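**Q** Numbering-wise (this note's numbering), the sequence shown opens with residue 2 and increments by one.
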Amino acid sequence: MGVLDTRHTGRADPALVRAMTGTIVHRGPDGDGFFHWPEAGPNVALGMRRLSIIDLDTGDQPIYNEDRSLAIVFNGEIYNYLELRAELEQHGHTFRTQTDTETLVHGYEQWGLDLFAHLRGMYAFALWDANAERLLLAVDHVGIKPLYLAERDGRLLFASEVKALFADPDLPRALNLATLDTFLAFGYMIGAETLYDGVRRLPPGHALVIERGGEQKLIRHWNTNYLAPPERPHDIQAIVAEARERLRESVRLHLRSDVPLGLFLSGGIDSATMLALMSQMEPGKVKTFSVGYDVGQGAANPDDETQHARRIAAHFQSDHHEHIITAGDWWDFLLAYVYHHDEPNANPSIVSLQALAELTAQHVKVVLNGTGGDELFCGYRAHRRFPWLVQTAARLDRVLPRRARHTLIGKPWKTLEALYPAMRRVRFVGALPAYLPEWRALHLPLHEGLRRLASFEGLTFSDTLRDRLYSADVRAAWDRARHKEEAYAAIFRRSYTDDPGDMAQALHIHTWLPGNGLLAVDKVTMAHSLEARVPFFDPPLVDFAMRVPSDVRLQANKFVLREALHADLPDFALQRPKQPFGTPILRWFDHDLRDRVQAVLLDERSLNRGLFKRDALETLLRRHFNGQVDRVQVVFRLLLLELWHRATIDAPPHIPRV
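#1: Is it the case that the stretch 152–171 contacts the stretch 99–119, given that we only count it when at least three CB pairs across the two stretches are under 8 Å?
#2: Considering just the uninterrupted stretch of the beta strand (DSSP E) at I211, what are its terminal residues?
#3: Any idea what DSSP makes of S251, helix, strand or coil?
#4: Once the 5 residues before and after T327 are set aside, which same chain residues still bring their CB inside 7 Å of it?
#5: Smallest Cα separation from D330: which of N348, Q318, L354?
#6: For Q217, which three-state DSSP category applies?
#7: Whole angstroms are fine: how far does the CA of F637 sit from the CA of D198?
#8: Sorry if obvious, but does the Cβ on L603 come closer than 6 Å to a heavy atom of the ligand MN?
#9: For V525, count the other beta carbons within 10 Å of its own beta carbon; 16 or more makes it buried, fewer makes it exposed. Which is it?
#10: Quick one: grab the DSSP three-state call for N66.
#11: Let me make sure I understand the geometry here. Which of W332, R563, R386, L570 has the alpha-carbon closest to that of I240?
#12: Counting only runs of 3+ residues fully inside the stretch 132–170, write out the beta strand (DSSP E) ranges in chain order.
#13: Do three or more CB pairs link the stretch 247–256 to the stretch 47–63 at distances below 8 Å?
#14: What is the rounded straight-line gap between the Cα of L470 and the Cα of D500?
#15: Give every residue of the same chain whose Cβ lies closer than 7 Å to the Cβ of L138, excluding the five residues on either side of it in the sequence, and list them in chain order.
#16: Quick check on this structure: which residue in L57, I73, D58, D56 has the alpha carbon closest to the alpha carbon of I64?
#17: With distances taken between CB atoms, is the gap from A505 to A648 smaller than 7 Å?
#18: Would you decide whether A507 is buried or exposed? Buried here means 16 or more other CB atoms lie within 10 Å of its CB.
#19: With R202 as the anchor, note down where its beta strand (DSSP E) starts and where it stops.
#20: Can you list, in chain order, the residues of its chain whose CB lies under 6 Å from that of W479, leaving out five sequence neighbours each side?
#21: Between S551 and M282, what straight-line distance do the alpha-carbon atoms span, to the nearest angstrom?
#22: How is L417 classed by DSSP in three states: helix, strand or coil?
#23: Quick check on DSSP: helix, strand or coil for E376?
#24: Using DSSP with H/G/I as helix, E/B as strand and the rest coil, what is G329?
#25: Closest to F75 by C-alpha separation, out of A244, L83, Y124, would be which residue?
#26: If contacts are defined as beta-carbon pairs under 8 Å, then A168 and W38 qualify, I think. What distance do you get, rounded to the angstrom?
#27: Candidates A20, T22, G3: which alpha carbon is nearest A13's?
#28: Between the beta-carbon of G293 and the beta-carbon of I270, is there less than 7 Å?
#29: Could you tell me the distance, in whole angstroms, from the CA atom of R86 to the CA atom of K614?
#30: Please state whether the Cβ-Cβ distance between G516 and I145 is less than 7 Å.
#31: Note down the Cα distance separating R481 from R467, rounded to an integer number of angstroms.
#32: Contact defined as beta carbons within less than 8 Å: I believe F117 pairs with H222. What is the distance between those atoms, to the nearest angstrom?
#33: Roughly how many angstroms separate the alpha carbons of P349 and A356, rounded to a whole number?
#34: Which same chain residues, not among the five before or five after I79, have their C-beta less than 8 Å away from its C-beta?
#35: Give me the residue from R311, R247, L262 with the minimum Cα distance to A273.
#36: Taking its Cβ as the centre, do 16 or more other Cβ atoms sit within 10 Å of K288, making it buried, or is it exposed?
Okay, structure coming up:
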């Protein structure tokens, strides 16, 4: 984290940076470090909190090059640091520590901005180049580590968490109405957007270079890049063999640590893959950790995967630990999660992940997890539905003009859209609800149809619901922000592919993954001073997955992964159908937590925010809690928004016990 004075007025205050580090001690309780460049011209102050993982004795930051003209503060891990160190030493560089951080300063000296092509890891860093009077800010290829930015009065502030930026008392706390609809529609934020007015995220796979005169240049250093079909391998046996070797190599690198490691274990194939490979490489029993739910006697609990996790743990003889939480526990973790996540994220399982991180941090300092298996190896239904959508839309284009398609498909959608919440509540029999997103997508432009199909936006926060619920101010902001749809079309242009299977993968990697999955894992684990590692996102493994022909990836649910691990996993793990990491939120909101949820949302503070029409909000909540419709996803998003508003906008945040 740090401050850059872009107007050369000497306002990069080291005391402010110390205050910023004080807000995120949980990210690094093992120490801190500071750097200040007070010379004439650009004025910069850097700070960090250290979570000691590699080189416990001499790895304190900032880290410098030989003549101290380069200084870096860094959050993350460079897993191939030993190989990079050997290569850089051959080029004549002298290392003073054993830490992975030092490879970044020498790598920048050697390769400049081509450094990123050499890195295998997760990172967010700030590097000051005194000779060029240049600041380089960068995040890793897929956004495993976040970096937030804010500019005010000639100062650029940057930090791993938003709360650190607000250590500056001059930075206003305000909701960004232009991005509110993004959260309500998706349940998370997309790209550089945040819910805070004036705060943005550095996008994944990007670096920001700030030159002496204050000029800023945003550089993309990684992108999804799909080969043309003739250049792709089609030998399935060779593809499967390479997938296994790439996975093994990634796990081997991700096990580099000077402190104990463990694994988040669900009942699915992704974390089972990690356990299988870790068990082959670790000398002792792997420590594994799972979370489950106590929903009361006699209540069915289809969301609980603990029995499946136990079976996998027993097969590999891991040292297994469980955290079984009640509705009351979940509510307490929800309040802590709202603070630590900085922005609301409407995936209720992330709250459970907060509980899992608490348990894990009592035993290890580093935890591997299976995030990314679905994105790389096409585990989502949307991956297989995209080709159908493109082919069907092409057929319709040949026989129906756009206006006729809107009449025949779009208008009936409006009726079904209105009925969908009631259909969910009564457990509508049949396949129609599952195919409503595809129906709607057929009358939309391709990029918009794909986006809505992937996010289920139309079923959670529909245009009809917006019309009923949004206040005039929110509606006006939403209308002004509609130009952002172009950003989704640009995703596909940047991915250099016309293949619908590739489009599906690119969409998830560029939107859902950094805005939801990876960001959530970072926030909830670092809240407990726990480092989370994601072996599925080793860059060579990601690049390999993008070379696999989409018809091979889409043969069956994660076909390549299952074939690659056929000899390593038991049949019961390979054959188990996909099950999301769920939470019994509908039952809890209907019973155990009903009064708490209503107390928050029907409180005068909530009703008087001016974001929603009061009568419409009260009607929505009444119909949901009376059992007329299932709006649990909408209710959860509104609840998170209100709790976030209270914790961050209404008053300076406090640090809760977690």
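Here a beta-carbon is modelled for each residue, glycine too, at the ideal position from N, C-alpha and C.
Everything numeric in this text was worked out from a predicted model, so none of it was measured.
**A** Result, derived from the coordinates:
#1: When C-beta atoms of the stretch 99–119 are compared with those of the stretch 152–171, fewer than three pairs fall below 8 Å, so the two segments do not count as touching.
#2: Membership of I211 in the beta strand (DSSP E) is indicated by the continuous run 207–211.
#3: helix
#4: D295
#5: L354
#6: strand
#7: 23 Å
#8: This structure simply doesn't include the ligand MN, nor any ligand for that matter.
#9: Burial state of V525 is buried, judged by a 10 Å Cβ sphere holding 16 or more other Cβ atoms.
#10: coil
#11: The shortest C-alpha separation from I240 is found at R563.
#12: Taken in chain order, the whole beta strand (DSSP E) runs of length 3 or more contained in the stretch 132–170 are 135–140, 149–153, 156–160.
#13: The stretch 247–256 vs the stretch 47–63: no contact.
#14: Distance between the alpha carbons of L470 and D500: 38 Å.
#15: A127, L148, F159, L203, A208, L209
#16: I73
#17: no
#18: buried
#19: 200–202
#20: D182
#21: 31 Å
#22: At L417 the pLDDT is 44, less than 50, meaning the model places this residue with poor confidence and gives no usable figure here.
#23: helix
#24: helix
#25: Nearest neighbour of F75 by Cα position, chosen from A244, L83, Y124, turns out to be Y124.
#26: That pair is no contact at about 20 Å.
#27: G3
#28: no
#29: Here the C-alpha atom of R86 lies approximately 60 Å from the C-alpha atom of K614.
#30: Here G516 is not near I145, since their CB atoms are 7 Å or more apart.
#31: 15 Å
#32: About 4 Å; that satisfies the 8 Å criterion.
#33: 12 Å
#34: L85, D101, T102, T104, L105, L120, R121, G122, Y124
#35: R311
#36: buried
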